[in-house]
Structures are given as structure tokens and as C-alpha cells.
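Visitor:
Protein chains: 2
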Amino acid sequence: MKVGSLFLVPTPLDFGCDEQTALETSLPEAVQLQAAGLTYWISENARSTRACLKRISQKHPLARPLQDIVIMQLPQAVHKRGDHEGHFDARNLLEPAVQGHDMGLVCEAGMPAIADPGASVVRAAHALGISVRALVGPSSLMLALASSGLNGQQFAFVGYLPQDAAERSRRISQLEALALKTGQTQLFIEAPYRNVALFEALLRTLREDTRLALSCGLTLPGGWSLCLSRRQWQARPVPDLKAPTVFAISR
Amino acid sequence: MKVGSLFLVPTPLDFGCDEQTALETSLPEAVQLQAAGLTYWISENARSTRACLKRISQKHPLARPLQDIVIMQLPQAVHKRGDHEGHFDARNLLEPAVQGHDMGLVCEAGMPAIADPGASVVRAAHALGISVRALVGPSSLMLALASSGLNGQQFAFVGYLPQDAAERSRRISQLEALALKTGQTQLFIEAPYRNVALFEALLRTLREDTRLALSCGLTLPGGWSLCLSRRQWQARPVPDLKAPTVFAISR
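Here you go:
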């Protein structure tokens, strides 16, 4: 019996808020078609996956009625501490693929398994000999990096910075030192309600010539990207950072 | 007078070889439409940009006949040593945007300014107050990272490894030590004709439990991804790595 494939299916970056345009600006037609054809899914959040499939179904008929699509949700523990270290064994979730069905892996926004859970599922697929096929869609980190004008030949994504103010300042200085010394652009993110606090900590901590790029609400109406030196940022009003924002620093 | 925007336009990863399917699997409809509407371009390679626009024109009529599209090529020096450090001033290239025209920035494959030239143009756009808008398309690095099952919460792209065998081994060991200690996935690439040499160097150098992910020919027919320990790779025949390949290691 032939095993199925595991398709890594990206989703728009709007968390379901921009129903009019998100699909046609974010997902190639063939990706939408592929997603419409899958009946077994592993998901970070079954509700948002169902909403996304509903949006796709308005253009491409699903292989089965939405209520018959099987969506298995990754356990909460996986969301919290990440699932790339091998603590969570996802092989059971791939049973439909073992039985010959193609499956989809999907997160709430963007590419699955990047700054989001899902790595355990991909790892399990490789272990089971299930072929893994990543489909094209939005990656906020790459859109932000390209939009920054900072070094795209060498870069690192370091996730979230510490919440404690003193620890956060130390971490900012450490990342800045690394970026200035090696030229490796350092990308990081924050929960949107803490974006302004992080921005202000960056202004307090960075050297005046260090370049800081912000990309806010990427792919969304009103989204923007701007890269300025710390000195230049300081001469402007604090930007509106309510939407998801990617931060990057480099020399 | 209103200045134009700079659109960062991704391109399929097939370098023009897969005319049948590349656009519909790689670029959202709205991105193709946006590209079709632009008459001023800055490009890594004018010939491949013209070929890409020709493919797009088969579905979406261009704003002007192809021969009237203005494609300015980045100078060779920019390709060779990268253009993110501020040595090349790209402001002149953005003159059409200053005069109110939207412009496109495009590379040979994938996202512009990521593992490809273009950062100088984005930097100049920010300096000139030209709004930068990255469009969704393929990023081989993110497709490879998602497909690896390795840590996607923390990762670095380090570009090319040294060509000299001894230096390359040292660099591999250094990247491995960093990945094992911090958990930061290390991604790198090589010119396709050196992929097998790099793979063999990895097998000679890595510890037996270190996980090595290869993604070869991503988005292309016959493309594949596989992540195994060094020990497991060693027990298999050397894979066909003729297509562009992304390498990644982690614990």
C-alpha cells in the first residue's frame, strides 16, 4: 500500500480578518487547490483551520463537505514549549497517511513549523517514510527581512526576547553586539500587545547608528515596513504597532 | 507629487525551466497581477526578468508591451560581494519611483534581497521615503526549514561554507557545535555542482546523532526533503543533489 504525503500548507497572515483579499494575495492557485483536496489535517487550531478551509471552499470545492473533513489538533503542551526537540511523538497523528491518505499540516498564520508548532509532525513523517511537501505561501519573517534592506545573506531568527526589563535590555545588547560584529541580521518577534514596550526598550538600549527595521501588519491593508537608525527612530513619534510586527537589527 | 512604491516581487524557483506549472504553484494571483502592472524594474538579471514577465503575460496582460518595460540591472559588483553594507548607493535606480511610478525589485529565483542581491535598493527606498511592499512568493530557505522538522523557533542562515576542505570542515564543526549547544538550526547553501562534495564533507565531519536535513529542487517536479541523523544518511546511497539544495543541521 502506498503511503500518503504530508503537505505543509501555509495560511494568510490575517488570522481570518481580511476575508476579501487574503487568499488571492497570499496563496497560489495550486496551493488553494491542493488544500481543497485534502480531507485529513493536523492543525495548531482546528477552528481557524476550518475557517480557512471555508474561505478556500468559496473558490474551490472541497473534496468533502467541511463537516466531514478530519482535523486533528496538536496538544496544548506542544504549543507552549515548542515541539522540535522530540518530546512529543506525533506518529499517531500521521496514521491516515500511513493508510494511504494525503494529509495537511497547518498553523494559525504563515508557514507551519516556523515560529509555530508542527516540527514534531514533520519529524514523525520523516521517521515513517512519509514524503513531506512544503507549499508556497507567506512567511512574515522573510517578507520582513526582504523589506528591511538589512543583510539577507546572513541572518538569524531568535524568537521572543525576555519579558523582564533588565533581561530584555541585556538580550538586546547581546543581539546588537552579534549583529555589529558579524553582520548577521537578528530578527525577533513579540506578542502584539508588548510591541510598543519592546520598541521603547530598543530605543533606550541600541547604539544610535544601529539600524532597526520594523515590519507591521505584513500583507494586510495598512501594513508597512521601515528601516531607520535608532537615532532616526527617536526623532519620530512612536509608530502604531498593534498588528503583528517583526523586528530586525543590523549594522 | 506622490512618489511610487517599491514592490519586492518573488519569482519561481525553477530558473525558467518549468514553464507549465511554476507560476500557479509559486505566485498568488494578486502578485502576478501586481507584477503585470509594473513598467519599471530593478533586477539581478534583466534577461530572466524579461522571461518571467513573458510567462506572466500569458495569463495577465502587461501594462505595456514587453519591449517597452524598463528593466535596470544591478551592477555585477553588487552580485559578487553583496550589497547590504552600504557600499553601493542605489538611489539613482529609484528615480522612476521618485517621479511617481511604482517599481518592482526582482531576483533570479525566490525573494529578492534574501540570499540574493537587492538590499541596497530596499535601503535606498527607505532613505528616500519610498514605501516598500514585499509580495508573497517562494522562499527556498523557509520551505526547507519547514520541511526539515528541525527547530523553527530559532534558526540562522549562514550562506555558503568555505570551499577549502580544511576550512569547510572547521566551519561545519563550528556550526554543529552552535546548533547542538543552543538548539539554533543552521541553514546553508552551496553552488549545485558542489552539493555532493559538501554532503560528503558533512558525513565525514558531523557527529553520528546530529540531524542533517536536505531539501533539493523545492517546488520543482521531483523535488524532495529528508531529515535523518548522520548515521542514517551514511547507511544510504549518496542522493542526487543536482538541483539547488538547502542544507540544515540541528540536534
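Chains as they are written, first to last, in this note's numbering: chain A, 1 to 251; chain B, 1 to 251.
Think of the CB as a built atom: it goes at the ideal place given N, C-alpha and C, for glycine as much as any other residue.
If I follow the unbroken alpha helix (DSSP H) through Q234 (chain A), where does it start and stop?
Guide: Per DSSP, Q234 (chain A) belongs to the alpha helix (DSSP H) from 230-234.
Visitor: Would you call the segment 119-133 of chain B and the segment 146-159 of chain B in contact, with 3 or more CB pairs under 8 angstroms?
Guide: No, they do not touch.
Visitor: Provide the residue span of the alpha helix (DSSP H) that contains Q34 (chain B), from first to last.
Guide: Taken as a continuous stretch (DSSP letters only), the alpha helix (DSSP H) holding Q34 (chain B) covers 29-36.
Visitor: Just confirm the distance between the C-beta atoms of L187 (chain A) and F247 (chain A), as a whole number of angstroms; I'd bet it's less than 8 angstroms.
Guide: With a Cβ gap of about 7 angstroms, L187 (chain A) and F247 (chain A) count as contacting.
Visitor: Across the segment 84-96 of chain B and the segment 58-66 of chain B, are there enough close Cβ pairs to call them in contact, namely three or more that are closer than 8 angstroms?
Guide: Judged by Cβ distances under 8 angstroms, the segment 84-96 of chain B makes no contact with the segment 58-66 of chain B, as fewer than three pairs qualify.
Visitor: Output, in chain order, the set of chain A residues within a Cβ distance shorter than 7 angstroms of F157 (chain B).
Guide: Within chain A, the residues near F157 (chain B) are Q154, F155.
Visitor: Assign G86 (chain B) to one of two classes, buried (16 or more other C-beta atoms within 10 Å of its C-beta) or exposed (fewer than that).
Guide: Its Cβ having fewer than 16 others within 10 Å, G86 (chain B) is exposed.
Visitor: List, in chain order, every chain B residue whose beta-carbon is nearer than 9 angstroms to that of G4 (chain A).
Guide: Correct list: empty, because the minimum Cβ distance to chain B is about 15 angstroms.
Visitor: Ordered along the chain, which non-local residues of its own chain (more than five positions away) have a Cβ less than 7 angstroms from that of S173 (chain A)?
Guide: Excluding positions up to five away in sequence, the list reads T205.
Visitor: Could you tell me whether the Cβ atoms of A90 (chain A) and V121 (chain A) are closer together than 8 angstroms?
Guide: Yes, Cβ-Cβ distance for A90 (chain A) and V121 (chain A) is below 8 angstroms.
Visitor: Taking A165 (chain B) as the reference, which of B:A201, B:L212, B:R47, B:L8 has the closest Cα?
Guide: Ranking B:A201, B:L212, B:R47, B:L8 by Cα distance to A165 (chain B) puts B:A201 first.
Visitor: Relative to chain A, which residues along the segment 199-224 of chain B have a C-beta separation below 9 angstroms, given in chain order?
Guide: Listed in sequence order: R211, A213, S215, L218, T219, G223, W224.
Visitor: Taking A119 (chain A) and I189 (chain A) to be in contact with their CB atoms under 8 angstroms, please state how far apart those CB atoms are, rounded to whole angstroms.
Guide: Wrong, their Cβ atoms sit about 17 angstroms apart, outside the cutoff.
Visitor: Which value, in whole angstroms, describes the spacing of the CA atoms of W224 (chain A) and P239 (chain A)?
Guide: Approximately 10 angstroms between the Cα atoms of the pair.
Visitor: Quick check: the Cα distance between V3 (chain A) and P28 (chain B), rounded to an integer number of angstroms?
Guide: Taking the straight line joining both Cα atoms gives about 29 angstroms.
Visitor: Measure from the C-beta of N151 (chain A) to each C-beta in chain B and report whether the shortest distance is under 8 angstroms.
Guide: It does: the Cβ of N151 (chain A) has a partner Cβ on chain B nearer than 8 angstroms.
Visitor: What did DSSP end up calling C227 (chain B) once you bin it into helix, strand or coil?
Guide: Strand at C227 (chain B).
Visitor: Excluding sequence positions up to five away, which residues of its chain have a Cβ less than 7 angstroms from the Cβ of A46 (chain B)?
Guide: For A46 (chain B), where only same-chain residues beyond five positions count, the Cβ hits under 7 angstroms are I71, Q73.
Visitor: Closer than 8 angstroms, CB to CB, is Q184 (chain A) near chain B or not?
Guide: It does: the Cβ of Q184 (chain A) has a partner Cβ on chain B nearer than 8 angstroms.
Visitor: At 3 residues or longer, what runs of the beta strand (DSSP E) sit wholly inside the segment 118-159 of chain B?
Guide: Entirely contained in the segment 118-159 of chain B, the beta strand (DSSP E) runs reaching 3 residues are, in chain order, 131-134.
Visitor: Classify A235 (chain B) as buried or exposed, calling it buried when 16 or more other Cβ atoms lie within 10 Å of its own Cβ.
Guide: Burial call: exposed.
Visitor: Would you kindly check if the distance between the Cβ of H60 (chain B) and the Cβ of A30 (chain B) is under 8 angstroms?
Guide: No, the pair does not count as a contact, with Cβ atoms beyond the cut-off.
Visitor: Answer with buried or exposed for D209 (chain B), where buried requires no fewer than 16 other C-beta atoms within 10 angstroms of its C-beta.
Guide: Label assigned to D209 (chain B): exposed.
Visitor: Say whether chain B places a C-beta atom closer than 8 angstroms to the C-beta of C227 (chain A).
Guide: Interface residue, yes.
Visitor: Please determine, among B:R50, B:Q34, B:L220, B:S250, the residue with the shortest C-alpha to C-alpha distance to P244 (chain B).
Guide: Comparing Cα-Cα distances from P244 (chain B) to each of B:R50, B:Q34, B:L220, B:S250, the minimum goes to B:L220.
Visitor: Going by the CB atoms, is the gap between S140 (chain B) and L13 (chain B) shorter than 8 angstroms?
Guide: Cβ distance < 8 angstroms, so L13 (chain B) and S140 (chain B) count as in contact.
Visitor: For M142 (chain A) and chain B, any beta-carbon pair shorter than 8 angstroms?
Guide: Answer yes: the Cβ-Cβ gap between M142 (chain A) and chain B drops below 8 angstroms somewhere.
Visitor: Which of the three DSSP states, helix, strand or coil, is assigned to F88 (chain B)?
Guide: Of the three classes helix, strand and coil, the one that applies to F88 (chain B) here is coil, per DSSP.
Visitor: Judging by CA-CA distance, which residue of B:L143, B:E44, B:W41 is the nearest neighbour of A213 (chain B)?
Guide: Selected option, being the one with the closest Cα: B:L143.
Visitor: Using the rule of at least 16 other Cβ atoms within 10 Å of the residue's Cβ for burial, across every protein chain shown, is Y40 (chain B) buried or exposed?
Guide: The residue in question, Y40 (chain B), is buried, as its Cβ has 16 or more Cβ neighbours within 10 Å.
Visitor: Would you list, in sequence order, the uninterrupted alpha helix (DSSP H) runs of no fewer than 4 residues that lie entirely inside the segment 170-241 of chain B?
Guide: DSSP runs (the alpha helix (DSSP H)) wholly in the segment 170-241 of chain B: 195-205, 230-234.
Visitor: Under 7 angstroms Cβ-Cβ, which residues of chain B neighbour I114 (chain A)?
Guide: Result: M142, L145, A146, G152.
Visitor: For a contact defined as C-beta to C-beta under 9 angstroms, what are the partners of V9 (chain A) on chain B?
Guide: The premise fails here: V9 (chain A) is roughly 10 angstroms from chain B at the closest Cβ pair, so nothing lies under 9 angstroms.
Visitor: Specify the secondary structure class of Q67 (chain B) as computed by DSSP and reduced to three states.
Guide: Correct three-state label for Q67 (chain B): helix.
Visitor: L93 (chain A) lies in the beta strand (DSSP E); which residues open and close that run?
Guide: Element bounds for L93 (chain A): n/a, residue is neither H nor E.
Visitor: According to DSSP, simplified to helix, strand and coil, what is T39 (chain A)?
Guide: DSSP places T39 (chain A) in coil when its eight states are reduced to three.
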